[in-house]
Structures are given as C-alpha cells and as structure tokens.
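Each residue of the sequence shown is one higher than the one before, counting from 65 in the working numbering.
Glycine residues also receive a C-beta, built at the ideal position from the N, C-alpha and C atoms.
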Amino acid sequence: MEGNSGPSFPTWVKFLKNLLELDMSNAGISGSIPIWFWNISFRLDLSNNKLSGSIPPNMGESNLDLLFLSLSGNQITGEIPKSMGYMRKLETIDLSWNSLIGSIPSSISNCSSLSFLNLGHNDLSEAIPKSFGRLKWLHSLYLNKNKLSGELPLSFQNMSSLEILDLSYNRLSGDIPTWIGTAFSSLTVLKLRSNAFSGGLLKLLKII
Numbered sequence: 065m066e067g068n069s070g071p072s073f074p075t076w077v078k079f080l081k082n083l084l085e086l087d088m089s090n091a092g093i094s095g096s097i098p099i100w101f102w103n104i105s106f107r108l109d110l111s112n113n114k115l116s117g118s119i120p121p122n123m124g125e126s127n128l129d130l131l132f133l134s135l136s137g138n139q140i141t142g143e144i145p146k147s148m149g150y151m152r153k154l155e156t157i158d159l160s161w162n163s164l165i166g167s168i169p170s171s172i173s174n175c176s177s178l179s180f181l182n183l184g185h186n187d188l189s190e191a192i193p194k195s196f197g198r199l200k201w202l203h204s205l206y207l208n209k210n211k212l213s214g215e216l217p218l219s220f221q222n223m224s225s226l227e228i229l230d231l232s233y234n235r236l237s238g239d240i241p242t243w244i245g246t247a248f249s250s251l252t253v254l255k256l257r258s259n260a261f262s263g264g265l266l267k268l269l270k271i272i
C-alpha cells in the first residue's frame, strides 16, 4: 500500500475488518492518526509521512498483538504513552525523527520480545530507565539526538544481545563504564559522542 494516498488519512481503512498488516510509509499523509486506527494487528508502518498530533495515552490497550510499530519521520508530538508496555509482543518500535517530549516510560521494558528500539531524533529528557536491563533480546538501541541525562544504568549489563548502541548527542554524564567491553560481546557499533562523559575511555578501548 505504498505510494501517494493523498494528504488526509484514508477513512476507508477502518472498513477493512480483517486487516493484519498495513504499510502506508512514504504516502504523503498528513493530519492526526484516528483513534480507530490503533486496532490494526501485527504490523503497522506509517513512517515518513506528515502525521501530527500525539499518540493516544491508551494506545497500548487497543492492540495487544502488535509486533511491528513504526511512526518514524513524522511530526508527532507529546509523550510516549506508558500503555505501550501492554503490547508485550512488540519486536520493533521505531518512533525516531519526531518531536516527542518527556521521559522514556519504563513500561517499555515489559515488551520482553523487543529486538529493535529507535527513539532517536526527538526531544526526550531525563534518565534512561533502569528497567531497560530486562530487554535481554534487544540487539539495536538508538537513543541519539535527545536531551537524556544522568549516568548509564548498571542494568545495561544484562542486555547481552546488543549489537548496536547509539547514545550520541545527549547530556549523559559520569564515567564511561568499563563493563561495556565485557558485557556487550556482540557489539559492533558504539556511539557515545557529544555527551558529558568523563574518564574510563582508555580502559574501555583496551577491553573492547
């Protein structure tokens, strides 16, 4: 369903009662996402459009079977709803390149099947949730280009499946923990630039 579907959100979608997958990426759609739309099951890709407005606070209660969610490259505002943690089957969450604010809800760590999480290029602030350490299947984590602060949680050591970790362009501080070199044995990409980290770098380079 890729292509140009027009400037407004297509209302005919809500009549497709048995729809399991919807890809309307790069479709030139603008406006807010209707409430009824969150009932789409399994896979939902609305990336690279001109969608605006906020994500409904109860969106996680509407679809407990969603596996793939991408809203990247839009103009979505507001906070990431805590109810997203109810969608425990999610394997991919991509909310990058929007204007999301507030903190990252710790409830995301309830999505125990999550393997890809991209919240980069937003205006998210405060600390990275300690509960992220429960995401043991996560292999790609992008939190770059936000306003995140504080130190790296010790619980990160439990994310042993990580292959890509991008924390660049934030306000993170403290020593770069040397356990990065031992805990992340599968790591292929590590980006920590443009933060307020101090010390530990030379020791880290010797371990990796």
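Straight-line spacing of the CA atoms in Lys-81 and Asn-103 works out to 9 Å. With a cutoff of 7 Å on beta-carbon distance, Lys-194 and Pro-169 are scored as not near each other. For Ala-191, the three-state secondary structure derived from DSSP is coil. Taking a 10 Å sphere around the C-beta of Lys-200, we find fewer than 16 other C-beta atoms and assign the residue as exposed. Burial is judged here by how many other beta carbons sit within 10 angstroms of a residue's own beta carbon; Trp-76 has fewer than 16 and is exposed.
Excluding residues up to 5 positions away in sequence, Leu-128, Asn-174, Cys-175, Ser-176 and Ser-177 lie with their Cβ nearer than 8 Å to the Cβ of Arg-152 in the same chain. Relative to Gln-221, the option among Ser-232, Phe-196 and Met-88 whose CA is nearest is Phe-196. Counting along the chain, the unbroken alpha helix (DSSP H) around Glu-125 starts and ends at 123–126.
A distance below 7 Å separates the beta carbons of Leu-205 and Leu-181. For Thr-156, the enclosing beta strand (DSSP E) begins and ends at 156–158. Counting C-beta atoms within 10 angstroms of its own C-beta, Ala-260 has fewer than 16 neighbours from the protein chains shown and is therefore classed as exposed.
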